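Chains as they are written, first to last, in UniProt numbering: chain A, 1 to 94; chain B, 1 to 94; chain C, 1 to 94; chain D, 1 to 94; chain E, 1 to 94; chain F, 1 to 94; chain G, 1 to 94. C-beta atoms are modelled at their ideal positions from N, C-alpha and C, and glycine is treated no differently. Predicted model only: the values in this text are computed from it and were never measured. One structure below.
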């Protein structure tokens with residue numbers, strides 16, 4: 001098991017279909033869109049100056065949208081994960 | 001439903017008419033103007049060092065003016081949204 | 001009505017005469033000078049870490065001098081405004 | 001009257017003689033020297049996080065030395081002033 | 001013995017096999033992957049403004065994943081170590 | 001008299017002999033060395049967020065070593081001074 | 001005697017043997033290694049916002065490893081020293 005540290009969150013990214021059935025890449029727009037993922041694990045949070053932790057506002061199983069290009073890729077037991085800071089998570093999809 | 005995190009605010013942008021009836025683009029000035037949107041959802045706020053939250057000063061339904069180019073575009077269930085930080089919202093149109 | 005957020009201040013800029021009667025531009029000096037405006041509305045202030053607000057030190061009707069090039073232009077109901085942060089206001093003309 | 005805001009200080013700059021009687025410029029050294037001015041007005045100070053103000057350490061009438069190139073030039077009723085932050089004032093000449 | 005200071009952590013890096021049996025380098029992707037190491041020693045932590053320490057969230061013996069290129073290499077008694085800040089440790093492998 | 005403001009310190013610099021008796025410049029190394037000076041006056045200190053001052057840790061008369069190139073040169077009544085921030089003073093020579 | 005200020009530490013650097021008996025330079029790797037030194041004196045520490053000092057975590061006589069290229073060189077009574085900030089010290093060699 002991977003246990004992210006600080007305000008990091010472990011994500012399993014949902015690869016969006018970028019090709020049509022015939023294999024063509026269909027760019028929707030030139031502007032980058034954020035990506036969707038599922039929260040696999042979350043750290044204890046960032047230590048505040050008053051001694052408390054700012055616990056990440058997401059829970060395991062949440063489907064989230066995060067800033068593209070944020071974070072570090074980790075391959076663990078054959079699965080690829082992404083570790084991002086909780087501040088790079090834009091929204092929860094409920 | 002999309003639930004923005006932190007001091008983020010989910011906006012539905014009002015596309016301004018940029019073309020005349022005949023299809024000509026009429027640039028008003030070279031300087032960029034901010035854009036108008038309606039608040040669809042707002043996060044819990046930014047965690048302050050004293051443990052409180054700086055709740056976004058906008059409410060769902062507010063018509064707002066925000067810094068152009070701020071934020072991330074999200075497409076959700078066929079609608080395009082923009083997620084900006086509340087500090088990128090310039091004013092409420094009352 | 002426009003209600004600026006945070007420590008933003010809504011200004012109506014006094015366009016200085018830059019041309020003589022005959023239409024010639026008379027640059028006074030190469031160094032940029034700040035500009036004059038009247039305060040139309042002011043936000044609630046910036047939230048401090050102790051939970052208080054740093055209320056803008058200007059009031060509606062104040063004639064102010066502000067850093068040139070600061071802020072965002074807004075056109076609202078046919079009038080052009082400028083929204084600046086209160087820290088971009090240099091002085092009140094009394 | 002001009003009332004500077006925040007930790008700004010309104011200065012009237014003493015133009016140093018840069019030419020000799022015959023009109024020659026006599027550069028003393030390649031390294032920039034700070035300049036001298038008299039304090040005309042001072043703001044209320046910078047708001048600290050504990051709610052107090054860091055009042056500028058200069059008083060009206062003080063002759064001060066300030067960092068060259070700091071601040072904004074203001075022309076008001078025929079007189080040229082310079083508005084600098086109090087942190088750009090190096091020393092009081094007593 | 002080496003005793004890391006502040007929020008530094010002493011790591012012994014596990015060199016990943018980068019070659020196949022036949023000696024060919026098999027780059028998996030162009031994007032950099034983080035690396036794995038074992039915690040050999042940890043500092044007392046970073047001093048917070050309230051006088052407490054933010055103790056590193058790792059213990060001696062933990063297998064960790066850290067940001068590639070972070071830290072300083074140290075050779076001590078024939079062994080190579082890496083000293084990284086605890087904020088450069090992404091996750092613990094449990 | 002010059003009274004430095006904030007955490008500034010007024011120094012009178014000891015020009016090091018850079019030439020031999022025969023007038024040759026003898027550079028010791030390509031790496032810059034700090035310089036020596038005597039403290040002539042010290043400001044009240046930097047205002048901390050808790051309302052106290054961080055008084056400069058030097059006293060009038062101290063011989064100090066400071067970071068070369070730090071500070072502003074001031075010429076006052078025929079003497080050249082250097083005003084540096086107290087954080088640019090490296091050590092006291094006792 | 002030299003008394004370092006703030007969170008500075010006075011080091012006497014141990015020059016590593018970079019040449020073999022025959023005089024050849026033997027570079028171990030292209031990546032820079034930190035260097036070893038002995039603590040000669042330590043400042044009072046950095047003043048925290050709560051009025052306390054963050055005392056350097058090293059004592060006179062400690063053998064330390066520090067970030068190469070950090071600090072300022074000082075020559076005093078024929079001996080060369082290096083003054084670094086305590087945050088540039090990586091580890092104590094015990």
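Taking C-beta pairs closer than 8 Å, name the residues in chain B that residue i reaches, listed in chain order.
i                    : result
residue 4 of chain C : 90, 91
Mind listing the chain D neighbours of residue i? Cutoff is C-beta to C-beta under 8 Å, in chain order.
i                      : result
residue 113 of chain C : Nothing in the structure corresponds to residue 113 of chain C, since chain C is present only between 1 and 94.
Along chain F, which residues have their Cβ under 7 Å away from the Cβ of residue i?
i                     : result
residue 83 of chain G : 90, 91
residue 44 of chain D : Those within 7 Å of residue 44 of chain D in chain F number zero; the least Cβ separation is about 14 Å.
By the criterion of Cβ-Cβ separation under 9 Å, what are the contact partners of residue i in chain B?
i                     : result
residue 11 of chain C : What residue 11 of chain C touches in chain B: nothing, since even the nearest Cβ is about 12 Å away.
Can you name the start and end residues of the beta strand (DSSP E) that residue i belongs to?
i                     : result
residue 87 of chain B : Run containing residue 87 of chain B: none; DSSP gives neither H nor E here.
residue 3 of chain D  : 2-4
residue 44 of chain C : Per DSSP, residue 44 of chain C belongs to no beta strand (DSSP E) and is neither H nor E.
residue 59 of chain E : Unbroken run through residue 59 of chain E: none, as it is neither H nor E.
residue 73 of chain A : 72-76
residue 12 of chain F : 8-13
Which residues of chain F have a Cβ atom closer than 8 Å to the Cβ of residue i, listed in chain order?
i                    : result
residue 7 of chain D : Per Cβ cutoff of 8 Å: no residues; residue 7 of chain D is ~10 Å from chain F at best.
Closer than 7 Å by beta-carbon distance: list the chain A residues that pair up with residue i, in chain order.
i                     : result
residue 95 of chain B : Residue 95 of chain B lies beyond the range of chain B shown here (1 to 94); nothing can be said about it.
residue 87 of chain E : 6
Which residues in chain A have a C-beta closer than 8 Å to the C-beta of residue i? List them in chain order.
i                     : result
residue 73 of chain E : Chain A residues near residue 73 of chain E: none, gap ~20 Å exceeds 8 Å.
What in chain C is Cβ-close to residue i, meaning under 8 Å?
i                     : result
residue 51 of chain D : 48, 50, 52
Please compile the residues from chain D whose C-beta is within a distance smaller than 7 Å of the C-beta of residue i.
i                     : result
residue 94 of chain C : 1, 3
Since residue i meets chain G, which of its residues come closer than 7 Å, beta carbon to beta carbon?
i                     : result
residue 67 of chain F : 72
Does the segment 57-69 of chain A come into contact with the segment 35-43 of chain A, if we say contact requires no fewer than three beta-carbon pairs (one atom in each stretch) closer than 8 Å? These segments touch.
Is the segment 53-61 of chain E in contact with the segment 77-89 of chain D, if contact means three or more CB pairs nearer than 8 Å? No: fewer than three Cβ pairs fall under 8 Å.
I want to know whether the segment 48-55 of chain D touches the segment 42-52 of chain C - three or more CB-CB distances under 8 Å. Using a C-beta cut-off of 8 Å, the segment 48-55 of chain D makes contact with the segment 42-52 of chain C, since at least three inter-stretch Cβ pairs fall below that distance.
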